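*Asks:* From first to last, the protein sequence lines are chains A and B.
In case it helps, numbering that gives the first Met the number 0 puts the first sequence at residues 0 to 188.
In case it helps, numbering that gives the first Met the number 0 puts the second sequence at residues 0 to 188.
Note that the Cβ used here is the ideal one computed from N, Cα and C, for glycine as well.
A quick note: this is a predicted structure, and the numbers were derived from the prediction, not measured.
Here's a structure for you.
There are 2 protein chains.
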Amino acid sequence: MTQLIDVIRNGVNTEQMYGTLDAIKADPSLGTFQFRAHNHWIDGAHNRSTIKAFYGAGQEDSTRESTFTVDAGEPAVLLGVDTGPNPAEHLLHALAACLTTSLVYVAAARKVRLTEVESTLEGDMDVRGALGLSDEVRNGFTNIRVNFKVKGDAPPEKLRELVERAQARSVVFDIVTNGVPVEVGLATA
Amino acid sequence: MTQLIDVIRNGVNTEQMYGTLDAIKADPSLGTFQFRAHNHWIDGAHNRSTIKAFYGAGQEDSTRESTFTVDAGEPAVLLGVDTGPNPAEHLLHALAACLTTSLVYVAAARKVRLTEVESTLEGDMDVRGALGLSDEVRNGFTNIRVNFKVKGDAPPEKLRELVERAQARSVVFDIVTNGVPVEVGLATA
């Protein structure tokens, strides 16, 4: 029982974690992943993504049992009827989720038990960019602030180090801060 | 009736759209928006964002009636139990949703009725970056491909022009392709 508790830290099976790391170290091609989303427009600002299949660890995944659906919308002031968070809010969620999971995994690897992780994110924008009213402001957020509240069985300096390490390893933090090339194709028939 | 059908195009109230554009043109300060998300860790790779309040058009929003919740997780191979799409998949959803809404709004403004908008997104990554196994690969996607299928009452060239305009105005496309500064703060007590 004590042994099982030691293996599972922060809800992460650390034995499985070390096994995964060793397997990818031994065969780096297992690190190649492709994630996917399929989106379809419903009406106005309402659209929906379905998410299931991905490629990773040398094969198409066959473990996911159900398809996730995520809806997007806009509030009234941006011409929608609140069918879901808007795309910019979904991006903030993706960033919060990635930093949080990175922090939880890093803490598990470094033998720190976390008891609480919360974060509040704010993104500022001038919608004149996206509405085509000004070429002097950008379309997207000019800046994003993330404020974490973290508790666990480690001193504040250690928790700070874990948050820094999470930033240094987060997939979405890298994408959002550094940008990624996006290719857009179109079929009309 | 005919008039109402002309006003509502692609589910977008174009009269309200022109009214919004005129109001922001007349008072550019109305273009200042701030979007927010609050996230809390549940267990392992499972965390949840709640999204409601935002600032825009000169005031704190008071129109949204309910709070949205969005869950994140990881599949088994990445040490989770599939409690939701993973953060990278959520980012693909945010990008798909934003490009789609931008396209729908641009089409409404340019008097094109759309009948179908679908998109498939793929993002490639080498997870050795995020797992801390290699400093030679980045943490995030190396590239993202978006493939749209669009139908409507306009010739293919016109639909292509609308998709290009949607890219040129999309909030999340801007963020993901160009990057945004992210500031991370931490409270430990």
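Short of 7 Å in beta carbon distance, which residues of its chain neighbour Ala106/A, apart from the five on each side in sequence? Order them along the chain.
*Replies:* The residue you call residue 106/A lines up with position 107 of the first sequence. So the list reads Asn9, Leu113, Gly151 and Leu161, once near-sequence residues are dropped.
*Asks:* Just verifying my parser: in three-state terms, what is the DSSP assignment at Leu102/A?
*Replies:* The sequence position of residue 102/A within the first sequence is 103, counting from 1. Leu102/A: helix per DSSP, three-state reduction.
*Asks:* Does Thr68/A come out as helix, strand or coil in the three-state DSSP assignment?
*Replies:* Translated into the one-based positions of the first sequence, residue 68/A becomes position 69. DSSP places Thr68/A in strand when its eight states are reduced to three.
*Asks:* Give me the chain B residues within the contact set of Glu135/A, using Cβ-Cβ distance strictly less than 7 Å, ordered along the chain.
*Replies:* On the first sequence, position 136 is the one that residue 135/A refers to. Within chain B, no residue comes near Glu135/A; the closest Cβ sits about 10 Å away, beyond 7 Å.
*Asks:* Where Phe32/A and Ser28/B are concerned, what is the direct C-alpha to C-alpha distance, given to the nearest angstrom?
*Replies:* Stepping through the first sequence from its first residue, residue 32/A is reached at position 33. Stepping through the second sequence from its first residue, residue 28/B is reached at position 29. So the two alpha carbons sit approximately 43 Å from each other.
*Asks:* Taking 7 Å as the limit between beta carbons, can you name the residues of its chain near Ala22/B, skipping five residues before and five after?
*Replies:* By one-based count along the second sequence, residue 22/B stands at place 23. The residues are Leu29.
*Asks:* CA-CA distance, Ala56/B and Asp125/A?
*Replies:* Here the question's residue 56/B lines up with position 57 in the second sequence. Here the question's residue 125/A lines up with position 126 in the first sequence. Cα to Cα, the separation comes out at about 10 Å.
*Asks:* Check whether the stretch 89–106 of chain A touches the stretch 64–77 of chain B, taking contact to mean three or more Cβ pairs, one atom from each stretch, closer than 8 Å.
*Replies:* Yes, the stretch 89–106 of chain A touches the stretch 64–77 of chain B.
*Asks:* Give the C-beta separation of Glu73/B and Thr100/A to the nearest angstrom, bearing in mind that I take them to be a contact with Cβ-Cβ under 8 Å.
*Replies:* What you label residue 73/B is simply residue 74 of the second sequence in a count that begins at 1. What you label residue 100/A is simply residue 101 of the first sequence in a count that begins at 1. 7 Å between Cβ atoms; contact.
*Asks:* Measure the CB-CB distance between Val171/B and Pro86/A and report whether it falls below 7 Å.
*Replies:* By one-based count along the second sequence, residue 171/B stands at place 172. By one-based count along the first sequence, residue 86/A stands at place 87. Result yes, Cβ atoms of Val171/B and Pro86/A sit closer than 7 Å.
*Asks:* Under 8 Å: do the stretch 135–148 of chain A and the stretch 42–56 of chain B share three or more Cβ pairs, one atom per stretch?
*Replies:* The stretch 135–148 of chain A, when compared against the stretch 42–56 of chain B, does not touch it at the 8 Å Cβ threshold.
*Asks:* At 9 Å on the CB atoms, spell out the chain B contacts of Arg144/A, in chain order.
*Replies:* Translated into the one-based positions of the first sequence, residue 144/A becomes position 145. Result: Val181, Glu182, Val183 and Gly184.
*Asks:* Does Gln58/B have its Cβ less than 7 Å from a Cβ in chain A?
*Replies:* Translated into the one-based positions of the second sequence, residue 58/B becomes position 59. No, Gln58/B lies away from the interface with chain A (no Cβ there is under 7 Å from its Cβ).
*Asks:* Please check if any C-beta of chain B sits within less than 7 Å of the C-beta of Gly18/A.
*Replies:* Reading the first sequence from its first residue, position 19 is the one you call residue 18/A. It does not: the Cβ of Gly18/A has no partner Cβ on chain B nearer than 7 Å.
*Asks:* So Val145/A and Val179/B are in contact, right, with Cβ under 8 Å, and what is the actual spacing, rounded?
*Replies:* As a working note, residue 145/A is residue 146 in the first sequence. As a working note, residue 179/B is residue 180 in the second sequence. The Cβ separation is near 12 Å, so there is no contact.
*Asks:* Tell me the residue span of the beta strand (DSSP E) that contains Lys150/A.
*Replies:* Counted from its first residue, the first sequence places residue 150/A at position 151. Note, Lys150/A: beta strand (DSSP E), Asn142 to Gly151.
*Asks:* If the criterion is Cβ atoms closer than 7 Å, does the pair Gly131/B and Arg168/A meet it?
*Replies:* Indexing the second sequence from 1 puts residue 131/B at position 132. Indexing the first sequence from 1 puts residue 168/A at position 169. Yes, these two residues count as a Cβ contact at 7 Å.
*Asks:* Starting from the C-beta of Ala52/A, find all residues in its chain whose C-beta is less than 7 Å away, skip the five residues before and the five after it, and write them out in chain order.
*Replies:* Here residue 52/A refers to the residue found at position 53 when the first sequence is read from its first residue. Arg35, Glu59 and Asp60.
*Asks:* Any residues in the stretch 96–110 of chain A with a beta carbon nearer than 9 Å to a beta carbon of chain B? Which ones, in chain order?
*Replies:* Cβ contacts with chain B: Ala96, Cys97, Leu98, Thr99, Thr100, Ser101, Leu102, Val103, Tyr104, Val105, Ala107 and Ala108.
*Asks:* According to the neighbour-count rule (16 or more other Cβ atoms, all chains shown, within 10 Å of its Cβ), is Arg109/B buried or exposed?
*Replies:* As a working mapping, residue 109/B is identified with position 110 in the second sequence. That one is exposed.
*Asks:* When burial is assigned at 16 or more other CB atoms within 10 Å of the CB, is Pro155/B buried or exposed?
*Replies:* The residue you call residue 155/B lines up with position 156 of the second sequence. Exposed: under 16 other Cβ atoms inside 10 Å.
*Asks:* Asn177/A to Asp26/A, Cα distance in whole Å?
*Replies:* Counted from its first residue, the first sequence places residue 177/A at position 178. Counted from its first residue, the first sequence places residue 26/A at position 27. Their backbone Cα atoms lie some 28 Å apart in a straight line.
*Asks:* What are the start and end residues of the alpha helix (DSSP H) that includes Glu156/A?
*Replies:* For the purposes of this step, residue 156/A is taken as residue 157 along the first sequence, with counting starting at 1. Looking at the DSSP string, the run of the alpha helix (DSSP H) that includes Glu156/A is Pro155 to Arg168.
*Asks:* On the DSSP letters alone, give me the boundaries of the alpha helix (DSSP H) that Asp125/B sits inside.
*Replies:* Taking the first residue of the second sequence as 1, we reach residue 125/B at position 126. From DSSP, Asp125/B is part of no alpha helix (DSSP H) but of the beta strand (DSSP E) over Leu113 to Asp125.
*Asks:* For Ser28/B, does the three-state DSSP call read helix, strand or coil?
*Replies:* Position 29 of the second sequence holds residue 28/B. Note: Ser28/B maps to helix in three-state DSSP.
*Asks:* I'd like to know whether the C-beta atoms of Leu102/B and Ala165/B end up nearer to each other than 7 Å.
*Replies:* Here residue 102/B corresponds to residue number 103 of the second sequence, with the count starting at 1. Here residue 165/B corresponds to residue number 166 of the second sequence, with the count starting at 1. Cβ distance < 7 Å, so Leu102/B and Ala165/B count as in contact.
*Asks:* With a cut-off of 7 Å, does the C-beta of Leu161/B fall near any C-beta of chain A?
*Replies:* In the second sequence, the residue the question calls residue 161/B occupies position 162. Cβ-Cβ to chain A under 7 Å: no for Leu161/B.
*Asks:* Who are the neighbours of Ser220/B on chain A, taking C-beta pairs under 7 Å?
*Replies:* Past the edges of chain B, shown from 0 to 188, lies residue 220/B, and the structure says nothing about it.
*Asks:* Report all residues from its chain with a CB closer than 6 Å to the CB of Gly83/B; omit the five preceding and five following residues, and keep chain order.
*Replies:* Looking up residue 83/B in the second sequence gives position 84. Excluding positions up to five away in sequence, the list reads Asp70, Ala71 and Gly72.
*Asks:* Could you tell me how far apart the beta carbons of Leu89/B and His37/A are, in whole angstroms, since I believe they sit closer than 8 Å?
*Replies:* Position 90 of the second sequence, counting from 1, holds the residue named residue 89/B. Position 38 of the first sequence, counting from 1, holds the residue named residue 37/A. For the sequence presented, residue 89/B should be read as His rather than Leu. Not confirmed; about 14 Å, so no contact.
*Asks:* Using beta-carbon positions only, say whether Val11/A and Gly128/B come within less than 7 Å of one another.
*Replies:* The residue given as residue 11/A occupies position 12 in the first sequence. The residue given as residue 128/B occupies position 129 in the second sequence. Contact flag unset, no.
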